[in-house]
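Working notes, structure below.
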Amino acid sequence: MIQITNLVKYHGSQRILDGVTVTFRAGELTALVGPSGGGKSTLLRCINGLETFHEGEIQIGTDLKLTGTGGKPHDGRALLAIRKRVGMVFQQFNLFPHRTVLENVMAGPVHALGKSRAEAIELAKSLLARVGLSDKLDSRPGNLSGGQQQRVAIARALAVDPTVILFDEPTSALDPSMIGEVLAVMRDLANSGQTMIVVTHDMDFAKQATAVLTMRAGRVVSEDLTP
Amino acid sequence: MPVLRLLFIFLFLALPAQAQEKKPLRWGCDPTGGAPYVYVDDKSTDKTFIGFEVELAAYLAKKLGRDSVMVDGDWSNLPKQLDKPADVEKGLDIVLNGYELRKDLLNDYAATRPYYVYRLVMISHHETVADKELRGWADLYPTAGKPGKTVGVLGGSAAHRHVKKTFPDGVNLQSNPDVANVFKLVQDRRMDATIQDSPAATYFLKKQPELVAVGEAVKPGFYVIYYRKSDPELGAALDKAIAEGLRDGSLKAIYKKYRIWNEDQERLWYWQDQPWPPDDLDDADEVEEDGPTANPWLRLIRELLGAAGVTVLLALASFPIAMIVGLFVAVGRVYGPRWLGVPLGIYVEVIRGTPLLLQLFMIYYLIPELMFRTDVAGLVWLAKNLSPFLAGVLGLALNYSAYEAENYRAGLLAIPKGQMEAALALGMTRATAIRRIIVPQAVRLVIPPVTNDFIALFKDTSACSIILVVELTRKYNELYNFNRTLIVELAVVTAGLYLLMSYPLSIVANRFERRLNASAGGRG
Chain G
1 MIQITNLVKY
11 HGSQRILDGV
21 TVTFRAGELT
31 ALVGPSGGGK
41 STLLRCINGL
51 ETFHEGEIQI
61 GTDLKLTGTG
71 GKPHDGRALL
81 AIRKRVGMVF
91 QQFNLFPHRT
101 VLENVMAGPV
111 HALGKSRAEA
121 IELAKSLLAR
131 VGLSDKLDSR
141 PGNLSGGQQQ
151 RVAIARALAV
161 DPTVILFDEP
171 TSALDPSMIG
181 EVLAVMRDLA
191 NSGQTMIVVT
201 HDMDFAKQAT
211 AVLTMRAGRV
221 VSEDLTP
Chain R
228 MPVLRLLFIF
238 LFLALPAQAQ
248 EKKPLRWGCD
258 PTGGAPYVYV
268 DDKSTDKTFI
278 GFEVELAAYL
288 AKKLGRDSVM
298 VDGDWSNLPK
308 QLDKPADVEK
318 GLDIVLNGYE
328 LRKDLLNDYA
338 ATRPYYVYRL
348 VMISHHETVA
358 DKELRGWADL
368 YPTAGKPGKT
378 VGVLGGSAAH
388 RHVKKTFPDG
398 VNLQSNPDVA
408 NVFKLVQDRR
418 MDATIQDSPA
428 ATYFLKKQPE
438 LVAVGEAVKP
448 GFYVIYYRKS
458 DPELGAALDK
468 AIAEGLRDGS
478 LKAIYKKYRI
488 WNEDQERLWY
498 WQDQPWPPDD
508 LDDADEVEED
518 GPTANPWLRL
528 IRELLGAAGV
538 TVLLALASFP
548 IAMIVGLFVA
558 VGRVYGPRWL
568 GVPLGIYVEV
578 IRGTPLLLQL
588 FMIYYLIPEL
598 MFRTDVAGLV
608 WLAKNLSPFL
618 AGVLGLALNY
628 SAYEAENYRA
638 GLLAIPKGQM
648 EAALALGMTR
658 ATAIRRIIVP
668 QAVRLVIPPV
678 TNDFIALFKD
688 TSACSIILVV
698 ELTRKYNELY
708 NFNRTLIVEL
718 AVVTAGLYLL
728 MSYPLSIVAN
738 RFERRLNASA
748 GGRG
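Quick look at the structure:
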């Protein structure tokens with residue numbers, strides 16, 4: 001469970017997040033929708049500390065908490081702990097181009113969790129099988145299609161076994177023909193009970209979410225909780 | 228009226244020409260560390276050049292009814308300056324600077340009768356002699372368990388040729404264009420001995436009480452004045468002036484003033500009316516271990532290849548250090564805290580903004596000098612054991628580290644922000660993200676400019692000749708001095724060797740570049 005209370009963030013004098021209070025429940029797929037510039041991505045990036053915020057707090061589970069710093073960097077140790085529990089999938093995939101697909105998925109377990117390579121290889125192989133890319137283990141990201149790259153990115157995020165995964169417009173950079181394969185993987189994840197927060201413009205996908213939050217001008221303007 | 232004005236101008240131009248009648252006598256020398264030949268007395272406030280050759284030139288010019296004009300040049304290249312006309316910049320009428328009578332030079336230039344008889348003197352530090360390390364010429368050789376002595380000479384001089392010929396193996400021969408530097412190294416015991424012509428030896432022995440002459444002075448030879456073969460009248464006039472100067476005691480007075488008169492000079496009279504140059508002038512001085520008929524190229528190529536090996540070693544030893552230091556500096560500047568960024572920025576600008584030659588000079592001569600002054604045992608030991616090669620490696624590494632830092636900085640800044648975010652989002656620390664994700668990509672990105680710098684460093688190794696490292700360019704200079712008939716051929720071979728070594732590097736660089744372009748295209 002992630003509980004956000006009265007989150008405020010400024011960009012210069014502009015109030016990007018204007019007192020956001022919202023709760024994301026475990027095991028649910030939450031869609032964050034709304035017009036561009038409404039603060040969806042910023043809110044998402046505050047949760048795993050890629051952005052700092054000025055006021056308010058973010059409670060993750062029972063033991064991890066980020067509080068507003070007035071814009072200064074968060075404590076590094078708290079961030080490390082949070083990021084091991086909160087995964088992220090980016091709009092531009094951000095795969096590591098100098099590494100193979102398998103090595104990309106291994107990066108988290110090996111470099112963040114300190115697992116052995118052998119263990120990481122087994123894990124990465126099974127995750128890549130899950131996203132349907134068992135035949136691309138030794139390919140470089142540059143040789144994959146956009147849809148394939150985003151599926152690798154999802155497997156990479158899953159590899160650190162996060163309790164929640166943040167998706168920042170995961171299909172916006174894709175050709176329409178490739179959106180389906182990525183959404184299928186995400187749906188599969190949601191069905192398995194993975195907690196997910198997805199910033200999206202895809203209303204068809206949003207309809208399948210447990211909850212749909214609409215953000216506008218830095219505020220949550222509607223919470224549509226479909227049963 | 229215009230006619231009158233023209234007449235005035237004509238008169239004005241003609242006047243000084245008439246007053247000057249004869250052109251000045253332009254004599255060439257190298258004042259670098261040239262006591263007692265041509266030097267500035269550091270005790271006097273007057274900063275004009277003095278020296279026995281300055282006075283000799285003045286005497287000769289006066290006899291010829293001309294003004295004496297000193298023209299400076301690089302000692303080993305002074306005769307070459309005679310190939311140009313006398314009235315251009317750095318043009319000469321004569322070379323008068325402790326030049327010995329040499330058969331190879333007589334091929335291209337004419338020589339006067341001798342004006343001084345010199346000998347070769349070995350000079351060492353009195354403690355080196357007291358330690359019984361060096362008591363005579365034979366001690367230069369390696370002995371059981373001990374390597375041969377390190378001996379400094381003026382590059383291209385008779386001493387250089389003599390040591391090279393007499394001690395072809397085992398002696399660590401180091402040539403340098405600056406005599407004063409060599410004496411300084413002996414004085415600091417960083418060099419075992421130096422072999423010098425007797426005038427320089429006399430001067431420095433008197434000036435530096437730590438220095439002593441070792442063994443006998445050997446191989447007497449003549450100092451002569453070189454002039455153009457096309458200028459026999461000048462030669463005859465100079466010969467006449469030298470003879471007169473000997474007869475009326477003018478030369479003796481000059482030599483006595485500089486305390487270099489000795490009984491060897493009595494021979495000068497004898498040679499004033501003998502056939503000149505002597506027919507039996509041996510070319511034993513020419514370094515030919517292989518006899519007159521053998522092909523000299525076998526030996527020359529062998530020597531050049533050996534020096535090329537030193538060049539390769541210098542480059543291979545220094546560049547990896549430059550890369551590592553540069554990478555750390557770049558990471559510190561891009562990802563480090565601000566208090567670190569400022570000094571690193573200054574480091575890069577200072578190193579990039581000062582010449583490599585100066586940096587090498589600082590590392591080899593000045594910093595050890597300061598270390599000696601501290602009197603801290605460890606520092607003194609370090610200063611004493613800093614070899615020219617090591618100093619060269621350090622200097623090149625230092626210099627290129629600044630350039631590599633800028634290359635790597637550009638590479639780091641070119642990595643998209645999303646890479647760092649993705650790594651952090653996985654739970655990596657910043658340090659791990661930099662090490663595992665950012666740096667490997669940045670390093671790959673700048674392989675072409677870094678390879679390019681390696682090729683540049685390769686050629687910059689030649690700057691190490693200033694600190695006594697005998698690399699390819701230094702060796703070329705040395706061989707060219709002893710083989711003046713092969714100047715062009717030697718230059719071509721040397722250039723060819725450089726090309727032969729750097730061209731494969733270019734090929735490798737191009738291949739890297741193509742591979743990178745290919746992968747970048749695939750990524751887009």
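Those sequence lines, one after another, are chains G and R. Taking our numbering, I'd label the letters of the first sequence as residues 1 to 227. Taking our numbering, I'd label the letters of the second sequence as residues 228 to 751. Using N, Cα and C, we set each Cβ at its ideal position, and we do this for glycine too.
Practice problem: Apply the 10 Å Cβ neighbour rule to Asp517 (chain R) and answer buried if 16 or more other Cβ atoms are within range, or exposed otherwise. | Solution: Here the model assigns Asp517 (chain R) a pLDDT of 46, short of 50, so the residue's position is not dependable, and the following value carries that caveat. Exposed.
Quiz item: Going along chain G in order, which residues have a C-beta closer than 7 Å to the C-beta of Ala641 (chain R)?
Solution: Per Cβ cutoff of 7 Å: no residues; Ala641 (chain R) is ~12 Å from chain G at best.
Quiz prompt | the segment 399-415 of chain R contacting the segment 349-358 of chain R, beta-carbon criterion three pairs below 8 Å | solution = Yes, the segment 399-415 of chain R touches the segment 349-358 of chain R.
Quiz item: Cβ of Gly645 (chain R) less than 9 Å from any chain G Cβ?
Solution: For Gly645 (chain R), the nearest CB of chain G lies under 9 Å from its own CB, placing it at the interface with that chain.
Practice problem: Grab me the residues of Ala551 (chain R)'s own chain with a C-beta within less than 6 Å of its C-beta, minus the 5 sequence neighbours each way, in chain order. | Solution: Note that residue 551 (chain R) is Ile in the sequence shown here, rather than Ala. Sequence-distant Cβ neighbours of Ile551 (chain R) in its own chain, meaning closer than 6 Å and more than five residues away, do not exist here.
Quiz item: For Ala650 (chain R) versus Phe93 (chain G), is the C-beta spacing smaller than 9 Å?
Solution: Going by C-beta atoms, Ala650 (chain R) is not nearer than 9 Å to Phe93 (chain G).
Practice problem: List the residues of chain G that Met655 (chain R) touches, going by C-beta distances under 7 Å, in chain order. | Solution: In chain order: His111, Ala112.
Quiz prompt | Own chain, CB closer than 7 Å to Glu740 (chain R), minus 5 neighbours either side, in chain order | solution = The answer, listed in chain order, is Pro675.
Practice problem: Kindly say whether Leu717 (chain R), judged by its beta-carbon, lies nearer than 9 Å to any beta-carbon of chain G. | Solution: So no, Leu717 (chain R) is outside the interface.
Quiz item: Counting contacts by CB-CB distance shorter than 9 Å, is Thr107 (chain G) in contact with chain R?
Solution: Here residue 107 (chain G) is Ala; the residue named in the question, Thr, does not match the sequence. Judged by the 9 Å Cβ criterion, Ala107 (chain G) is in contact with chain R.
Quiz item: For a contact meaning CB atoms closer than 9 Å, what does Phe309 (chain G) contact in chain R?
Solution: No answer is possible for residue 309 (chain G): the residues shown for chain G start at 1 and end at 227.
Exercise. Could you name the residues that DSSP lists as bridge partners for Arg663 (chain R)?
Key: Arg663 (chain R) is not bridged to any residue.
Practice problem: Could you tell me how far apart the beta carbons of Leu102 (chain G) and Ala124 (chain G) are, in whole angstroms, since I believe they sit closer than 8 Å? | Solution: That belief holds up - the Cβ atoms of Leu102 (chain G) and Ala124 (chain G) are roughly 5 Å apart, short of 8 Å.
Self-check item: Secondary structure of Tyr485 (chain R), DSSP reduced to three states
Solution: Secondary structure of Tyr485 (chain R) (DSSP, three-state): coil.
Exercise. Could you list which residues in chain G have their beta carbon closer than 8 Å to that of Pro667 (chain R), in chain order?
Key: Identification of chain G residues near Pro667 (chain R) by a Cβ-Cβ cut-off of 8 Å yields His98, ordered along the chain.
Quiz prompt | Beta-carbon proximity check, Gly363 (chain R) vs Gly442 (chain R), cutoff 9 Å | solution = For the 9 Å CB-CB criterion, Gly363 (chain R) and Gly442 (chain R) form a contact.
Practice problem: Measure the CB-CB distance between Thr5 (chain G) and Ile58 (chain G) and report whether it falls below 9 Å. | Solution: For Thr5 (chain G) and Ile58 (chain G), yes; Cβs fall inside 9 Å.
Quiz item: What in chain G is Cβ-close to Ile664 (chain R), meaning under 9 Å?
Solution: For a Cβ distance threshold of 9 Å, residue set Phe96, His98, Arg99, Ala107, His111 of chain G lies close to Ile664 (chain R), ordered along the chain.
Quiz item: Mind checking if Lys84 (chain G) is an interface residue toward chain R, Cβ cutoff 9 Å exclusive?
Solution: With a threshold of 9 Å between beta carbons, Lys84 (chain G) makes contact with chain R.
Exercise. Going by DSSP, name the residue or residues bridged to Leu7 (chain G).
Key: The partner list for Leu7 (chain G) (beta bridge, DSSP) reads G:Val20.
Self-check item: Cβ shell of Gln245 (chain R) (< 7 Å), same chain only, five flanking positions each side left out
Solution: For Gln245 (chain R), the predicted model reports a pLDDT of 48, less than 50, meaning its position is unreliable; a value from the coordinates is still stated below. Contacts found: none.
Practice problem: Would you mind sorting Leu609 (chain R) into buried or exposed? The rule is 16 or more other CB atoms within 10 Å of its CB. | Solution: Leu609 (chain R) counts as exposed, since fewer than 16 other C-beta atoms from the protein chains shown sit within 10 angstroms of its C-beta.
Self-check item: Beta bridge counterpart(s) of Trp364 (chain R) as assigned by DSSP
Solution: DSSP lists no partner for Trp364 (chain R).
Practice problem: Report buried or exposed for Ser177 (chain G), applying the criterion of at least 16 other Cβ atoms within 10 angstroms of its Cβ. | Solution: Note on Ser177 (chain G): under 16 other CB atoms within 10 angstroms of its CB, so exposed under the neighbour-count rule.
Practice problem: State the start and end residues of the unbroken alpha helix (DSSP H) segment that holds Asn634 (chain R). | Solution: Membership of Asn634 (chain R) in the alpha helix (DSSP H) is indicated by the continuous run 615-641.
Self-check item: Cβ neighbour criterion (16 or more within 10 Å) applied to Leu7 (chain G)
Solution: With a 10 Å radius around the Cβ and a threshold of 16 neighbouring Cβ atoms, Leu7 (chain G) comes out buried.
Quiz prompt | Whether Ile590 (chain R) touches Leu625 (chain R) by CB criterion (9 Å) | solution = Remark: C-beta atoms of Ile590 (chain R) and Leu625 (chain R) approach each other more closely than 9 Å.
Quiz item: Are the beta-carbon atoms belonging to Asp424 (chain R) and Leu347 (chain R) less than 9 Å from one another?
Solution: With respect to Leu347 (chain R), Asp424 (chain R) sits close: the two C-beta atoms are nearer than 9 Å.
Self-check item: Where the segment 157-178 of chain G meets chain R: residues whose CB sits under 7 Å from a CB there
Solution: Here the close residues are Val160.
Quiz item: Asn6 (chain G) CB to nearest chain R CB: under 9 Å?
Solution: False, the Cβ-Cβ gap to chain R never drops below 9 Å.
Practice problem: Output the distance between the C-alpha atoms of Arg77 (chain G) and Val558 (chain R), rounded to the nearest integer angstrom. | Solution: Answer to the nearest angstrom: the Cα atoms are 22 Å apart.
Practice problem: Could you tell me if Thr421 (chain R) is buried or exposed, where buried requires 16 or more neighbouring beta carbons within 10 angstroms of its beta carbon? | Solution: With a 10 Å radius around the Cβ and a threshold of 16 neighbouring Cβ atoms, Thr421 (chain R) comes out buried.
Quiz prompt | Through-space distance from Gln208 (chain G) to Gln646 (chain R), alpha-carbon basis | solution = So the alpha carbons of these two residues sit roughly 31 Å apart.
Quiz item: Along the chain, where does the beta strand (DSSP E) that runs through Asp299 (chain R) open and close?
Solution: That run of the beta strand (DSSP E) goes 295-299.
Quiz item: Of the choices G:Gly12, G:Ser36, G:Ile154, whose alpha-carbon is the least far from that of Arg219 (chain G)?
Solution: Nearest to Arg219 (chain G) by C-alpha distance, out of G:Gly12, G:Ser36, G:Ile154, is G:Ser36.
Quiz item: Taking just the CA atoms, how far does Val105 (chain G) sit from Ile60 (chain G)?
Solution: Each residue's alpha carbon lies about 25 Å from the other.
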